[in-house]
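So the sequence shown is residues 311 to 609, counted in the working numbering. In this text, a Cβ means the ideal position worked out from N, Cα and C, and glycines have one as well. A quick note: this is a predicted structure, and the numbers were derived from the prediction, not measured. One structure is given below, encoded as structure tokens.
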Amino acid sequence: MTNVDVHQHLWSPSLVTALRARREPPYLDGWTLYLKGEPPYGLPPADHDAVRRAELAAIDGLGLALVSLSAPIGVEWLPAAEARPLLDAYHEGAAALPAPFGAWAAACVRDVDAKATADCLDLGFAGLQLPADALADAAGYARCAPLLELLEERDLPLFVHPGPAAGGSEGPGWWPAMVPYVQQMHAAWFAFRAYGRPRHPRLRVCFALLAGLAPLHGERFAARGDGRTEPDPLVFVETSSYGPRAVESVVRALGVDAVVQGSDRPYAEPPQHPGHGLGGAAAYAFRIANPRRLLTGKE
Numbered sequence: 311m312t313n314v315d316v317h318q319h320l321w322s323p324s325l326v327t328a329l330r331a332r333r334e335p336p337y338l339d340g341w342t343l344y345l346k347g348e349p350p351y352g353l354p355p356a357d358h359d360a361v362r363r364a365e366l367a368a369i370d371g372l373g374l375a376l377v378s379l380s381a382p383i384g385v386e387w388l389p390a391a392e393a394r395p396l397l398d399a400y401h402e403g404a405a406a407l408p409a410p411f412g413a414w415a416a417a418c419v420r421d422v423d424a425k426a427t428a429d430c431l432d433l434g435f436a437g438l439q440l441p442a443d444a445l446a447d448a449a450g451y452a453r454c455a456p457l458l459e460l461l462e463e464r465d466l467p468l469f470v471h472p473g474p475a476a477g478g479s480e481g482p483g484w485w486p487a488m489v490p491y492v493q494q495m496h497a498a499w500f501a502f503r504a505y506g507r508p509r510h511p512r513l514r515v516c517f518a519l520l521a522g523l524a525p526l527h528g529e530r531f532a533a534r535g536d537g538r539t540e541p542d543p544l545v546f547v548e549t550s551s552y553g554p555r556a557v558e559s560v561v562r563a564l565g566v567d568a569v570v571q572g573s574d575r576p577y578a579e580p581p582q583h584p585g586h587g588l589g590g591a592a593a594y595a596f597r598i599a600n601p602r603r604l605l606t607g608k609e
């Protein structure tokens with residue numbers, strides 16, 4: 311029984327070196343990140359110091375913090391020949407992180423290779439993260455089916471995270487986080503219901519940032535969709551960047567059993583109150599009981 315944060319990012323030296331070796335986005339120039347569709351972003355080096363981050367995790371009372379490749383940088387969408395060195399660097403570095411860190415595996419979604427992903431999962435990763443824009447329609451689920459079937463075979467979960475932001479470089483710096491990311495998560499939530507669940511009935515899945523608040527459209531879905539409103543017991547949402555009002559609303563829509571703690575550290579801070587104002591029982595559910603069901607399938 312341990313406190314879990316299912317959503318953090320921590321770039322290892324091997325991943326930083328691989329990104330600095332590139333000359334086209336995504337790449338690092340020193341600690342400045344260049345992406346397609348977003349303005350240049352300066353990364354504070356201390357945010358990716360594993361020792362410092364482990365100390366912060368201890369302060370947060372975490373027994374497990376799961377890191378993932380930052381899907382918005384677009385590695386998963388690169389051609390396999392470009393993606394593979396970056397994916398290898400990410401997996402090598404993530405597997406070597408100290409306690410309390412664990413990690414989600416990552417996979418190329420442009421050229422799907424289930425065997426390569428299976429080899430990564432063999433290293434002990436908690437499950438697989440995929441970008442939301444790869445799972446936004448029927449074609450995406452058809453393309454990624456070998457990866458999702460692999461997760462079902464191994465009884466491991468899927469983590470859906472926003473992918474690259476199209477056109478975000480033309481707006482203010484906050485635009486990608488507030489518009490494309492949220493739109494992607496909204497689409498991915500309903501695409502899973504329409505295309506993912508019928509194809510993968512045993513798959514456990516967690517959607518980042520409360521699925522872009524898509525669960526709050528349940529009443530509209532009941533009126534305009536297929537009429538089914540009961541929560542899916544194998545679907546979870548994590549709380550990163552949201553506070554008590556949004557979390558309480560999602561709990562009203564999905565129930566307390568669907569919410570898990572995610573912080574998105576270092577890009578956002580964990581909540582001051584782990585239960586988001588809903589009390590100790592909610593904090594226990596979000597940090598311990600629900601992450602256990604997501605990651606292991608066990609009560």
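> What's the call for G506, buried or exposed, on a 16-neighbour Cβ count within 10 Å?
Replying inline: Position 196 of the sequence shown, counting from 1, holds the residue named residue 506. Buried, by the Cβ-count rule.
> Looking only at its own chain, which residues have a Cβ that is under 7 Å from the Cβ of G572, when we skip the five neighbours before and after it?
Replying inline: Start at 1 with the first residue of the sequence shown, and residue 572 comes out as number 262. Counting only Cβ-Cβ distances below 7 Å, and skipping sequence neighbours, we find D315, V316, H317, A518, E548, T549 and S550.
>> Tell me which residue opens and which closes the alpha helix (DSSP H) that F500 is part of.
In response: Here residue 500 corresponds to residue number 190 of the sequence shown, with the count starting at 1. DSSP places F500 in the uninterrupted alpha helix (DSSP H) bounded by P490 to A501.
> Opposite Q318 in the DSSP bridges: which residues?
Replying inline: Working through the sequence shown from its first residue, we reach residue 318 at position 8. Partner(s): V377 and R575.
>> Closest to Q493 by C-alpha separation, out of P511, L523 and R514, would be which residue?
In response: In the sequence shown, residue 493 corresponds to position 183, counting from 1. Of the listed residues, the one whose Cα sits closest to Q493 is L523.
> So what does DSSP say about H527, is it helix, strand or coil?
Replying inline: Position 217 of the sequence shown, counted from the first residue, corresponds to residue 527. In the three-state reduction of the DSSP assignment, H527 falls in the helix class, which pools H, G and I.
> Does DSSP put F596 in a helix, a strand or coil?
Replying inline: Along the sequence shown, read from residue 1 onward, the residue named residue 596 stands at position 286. Correct three-state label for F596: helix.
> Are A391 and C418 closer than 7 Å when you measure CB to CB?
Replying inline: Along the sequence shown, one-based indexing puts residue 391 at 81. Along the sequence shown, one-based indexing puts residue 418 at 108. The answer is no: Cβ separation not under 7 Å.
> So L445 packs on V470, CB below 8 Å; how close in whole Å?
Replying inline: Numbered from its first residue, the sequence shown carries residue 445 at position 135. Numbered from its first residue, the sequence shown carries residue 470 at position 160. At roughly 6 Å, the Cβ-Cβ gap stays under 8 Å, so L445 and V470 are in contact.
> Skipping 5 residues on each side, what residues in its chain have a beta carbon closer than 6 Å to that of G412?
Replying inline: On the sequence shown, residue 412 is found 102 positions in, with the first residue counted as 1. Closer than 6 Å at Cβ, skipping near neighbours: L374, L376 and A436.
> Secondary structure at P354, three-state DSSP: helix, strand or coil?
Replying inline: Against the sequence shown, residue 354 aligns to sequence position 44. Coil at P354, not helix or strand.
> If you drop the 5 nearest sequence neighbours on each side, which residues of the same chain put their C-beta closer than 8 Å to that of I598?
Replying inline: Numbered from 1 along the sequence shown, position 288 holds the residue referred to as residue 598. Answer for I598: M311, T312, N313 and V314, listed in chain order.
>> For a minimum of 4 consecutive residues, which ranges assigned as the alpha helix (DSSP H) are wholly contained in the stretch 503-562?
In response: DSSP runs (the alpha helix (DSSP H)) wholly in the stretch 503-562: 528-534.
>> If you reduce the DSSP assignment to three classes, tell me which class V569 lands in.
In response: Taking the first residue of the sequence shown as 1, we reach residue 569 at position 259. Residue state, collapsed to three classes: strand.
> Can you give the beta carbon distance from K608 to P474, rounded, assuming they're within the 8 Å contact cut?
Replying inline: Here residue 608 is taken as the residue at index 298 of the sequence shown, counted from 1. Here residue 474 is taken as the residue at index 164 of the sequence shown, counted from 1. Actually they are not in contact, since the Cβ atoms of K608 and P474 sit about 35 Å apart, beyond 8 Å.
> Which of the three DSSP states, helix, strand or coil, is assigned to R471?
Replying inline: Looking up residue 471 in the sequence shown gives position 161. According to the sequence shown, residue 471 is His rather than Arg. DSSP places H471 in the strand class (E or B) of the three-state scheme.
>> Let me check one thing: in DSSP terms, what residues is D339 bridge-paired to?
In response: Position 29 of the sequence shown holds residue 339. D339 is bridged to T342.
> Under the rule that 16 or more other beta-carbon atoms within 10 Å means buried, what is D339, buried or exposed?
Replying inline: One-based indexing of the sequence shown puts residue 339 at position 29. D339 comes out exposed.
>> I want to know whether the stretch 397-406 touches the stretch 317-337 - three or more CB-CB distances under 8 Å.
In response: yes
>> Does A328 come out as helix, strand or coil in the three-state DSSP assignment?
In response: To locate residue 328, count along the sequence shown from 1; it is residue 18. It is helical.
>> Check this for me: beta carbons of M495 and A442, under 7 Å apart or not?
In response: For the purposes of this step, residue 495 is taken as residue 185 along the sequence shown, with counting starting at 1. For the purposes of this step, residue 442 is taken as residue 132 along the sequence shown, with counting starting at 1. Yes, the Cβ-Cβ distance between M495 and A442 is below 7 Å.
>> Short of 6 Å in beta carbon distance, which residues of its chain neighbour T342, apart from the five on each side in sequence? Order them along the chain.
In response: Here residue 342 refers to the residue found at position 32 of the sequence shown. Counting only Cβ-Cβ distances below 6 Å, and skipping sequence neighbours, we find P350 and G352.
> DSSP three-state call for G412: helix, strand or coil?
Replying inline: Within the sequence shown, residue 412 is the residue found at index 102, counting from 1. The answer is strand: DSSP assigns G412 an E or B state.
>> For T539, count the other beta carbons within 10 Å of its own beta carbon; 16 or more makes it buried, fewer makes it exposed. Which is it?
In response: As a first step, residue 539 must be located in the sequence shown, where it is residue number 229. With fewer than 16 other Cβ atoms within 10 Å, it is exposed.
>> For the beta strand (DSSP E) containing P441, name the first residue and the last one.
In response: Indexing the sequence shown from 1 puts residue 441 at position 131. L438 to P441 is the span of the beta strand (DSSP E), which, as asked, contains P441.
> How should P543 be labelled, buried or exposed, when 16 other C-beta atoms within 10 angstroms of its C-beta is the threshold for buried?
Replying inline: On the sequence shown, position 233 is the one that residue 543 refers to. It counts as exposed.
> Counting Cβ pairs, one atom from each stretch, are 3 or more of them under 8 Å apart for the stretch 451-460 and the stretch 476-488?
Replying inline: no
> Mind checking G434: buried by the 16 CB within 10 Å criterion, or exposed?
Replying inline: Position 124 of the sequence shown, counted from the first residue, corresponds to residue 434. Result: exposed.
> What separation, rounded to the nearest whole angstrom, lies between the Cα atoms of G450 and G371?
Replying inline: As a position in the sequence shown, residue 450 is number 140, starting the count at 1. As a position in the sequence shown, residue 371 is number 61, starting the count at 1. Distance between the alpha carbons of G450 and G371: 38 Å.
>> With a threshold of 8 Å on Cβ separation, who are the neighbours of D423 within its own chain once the five nearest residues in sequence on each side are excluded?
In response: Indexing the sequence shown from 1 puts residue 423 at position 113. Same-chain partners within the cutoff: A390 and A417.
>> Less than 7 Å between the beta carbons of R363 and W387, yes or no?
In response: Numbered from its first residue, the sequence shown carries residue 363 at position 53. Numbered from its first residue, the sequence shown carries residue 387 at position 77. Not a contact, by the Cβ cut-off of 7 Å.
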